Amino acid sequence: MGLYATMMDAIPEYTGLSPAAFFTIAALMVVVYKVVCGMFVAAEDYVAVKKANNYTLREPVQLGDVTEDELRAYDGSDPNKPLLMAIKGQIYDVSRSRMFYGPGGPYALFAGRDASRALALMSFDPQDLTGNIDGLSDSELEVLQDWEYKFMEKYVKVGQLVSERTSTEQTEREDKMQDTQNLEGNGSTPI
67 MGLYATMMDA
77 IPEYTGLSPA
87 AFFTIAALMV
97 VVYKVVCGMF
107 VAAEDYVAVK
117 KANNYTLREP
127 VQLGDVTEDE
137 LRAYDGSDPN
147 KPLLMAIKGQ
157 IYDVSRSRMF
167 YGPGGPYALF
177 AGRDASRALA
187 LMSFDPQDLT
197 GNIDGLSDSE
207 LEVLQDWEYK
217 FMEKYVKVGQ
227 LVSERTSTEQ
237 TEREDKMQDT
247 QNLEGNGSTP
257 I
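Residue numbers (my numbering): 67 to 257.
Right, here's the structure in full:
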């Protein structure tokens with residue numbers, strides 16, 4: 067009973083309102099909040115987002131050497147492929163953060179690319195979506211290094227970017243990718 071009496075004495079002292087007026091205003095604020103939230107976000111929207119984000123998270127697959135053109139295939143447009151991104155030539159599997167790097171996410175333009183320059187400059191300009199870090203200042207390189215550390219801590223490194231392949235490497239790479247797709251596609255092992 068002491069707490070109740072203390073609160074009833076403190077309300078007029080701190081607010082200048084009677085306890086009845088204070089609780090009436092508090093109740094009205096809760097009702098207005100619920101009404102306004104209901105006007106902008108329907109409960110069905112929450113269910114739709116949950117269904118849209120319903121994907122299975124697979125173990126990262128080591129890809130090894132990948133060209134920039136090959137990396138673009140992992141931009142999230144195919145939900146059966148991992149979501150990859152590169153920083154300073156190192157490729158990371160960012161599939162676990164699909165809501166950020168996947169289609170419709172705030173950083174979707176970084177997926178399937180080496181985004182080193184864009185991250186260093188904190189830029190969303192498409193011309194900055196490159197691994198070229200020439201001409202960056204020391205502070206920008208430091209920002210890029212911070213991003214690289216964050217990615218190293220949070221995501222699995224699955225490969226590195228190479229400029230181009232020889233024809234033998236290309237054939238071996240295609241065979242390996244085909245075997246991986248066969249494993250994922252039908253659940254059987256290749257012979």
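Positions of the beta carbon are idealized from the N, C-alpha and C atoms, including for glycine. As the structure is a computational prediction, the values presented were derived from the model and not from experiment.
DSSP three-state assignment for residue i, whether helix, strand or coil
i: Ala181; result: coil
i: Gly82; result: coil
i: Met67; result: coil
i: Gly130; result: strand
i: Gly225; result: strand
i: Leu207; result: helix
i: Asp212; result: helix
Whole-angstrom C-beta distance between residue j and residue i, which should lie under 8 Å
i: Tyr167; j: Gly142; result: 7 Å
i: Leu150; j: Ser182; result: The pair is not a contact, with the Cβ atoms about 14 Å apart (cut-off 8 Å).
i: Leu43; j: Gly178; result: Here the chain has residues from 67 to 257 only, and residue 43 is not among them.
Beta-carbon contacts of residue i that lie in its chain and below 8 Å, excluding the five residues immediately before and after
i: Pro13; result: The structure shown has nothing for residue 13, since the chain only spans 67 to 257.
i: Val222; result: Pro126, Tyr158, Asp159
i: Phe176; result: Met151, Tyr167, Ala184, Leu185, Leu195
i: Ile77; result: Leu83, Ser84, Pro85, Phe88
Closest by C-alpha distance to residue i, when choosing among the options
i: Ser163; options: Met74, Pro172, Leu187; result: Pro172
i: Ser203; options: Asp212, Asp191, Ala186; result: Ala186
i: Glu230; options: Asp135, Asn198, Asn146; result: Asp135
Outcome for residue i when other beta-carbon atoms lying within 10 angstroms are tallied against a minimum of 16
i: Ser84; result: exposed
i: Lys154; result: buried
i: Gln156; result: buried
i: Phe217; result: buried
i: Asp200; result: exposed
i: Leu227; result: buried
i: Leu94; result: exposed
7 Å Cβ shell around residue i - same chain, five flanking residues per side excluded
i: Gln214; result: Checking the sequence, you will find Glu at residue 214 rather than Gln. Counting only Cβ-Cβ distances below 7 Å, and skipping sequence neighbours, we find Ile153, Lys154.
i: Ser233; result: Caution is warranted here: a pLDDT of 48 is assigned to Ser233, below 50, making its placement in the model unreliable, and no coordinate value can be reported.
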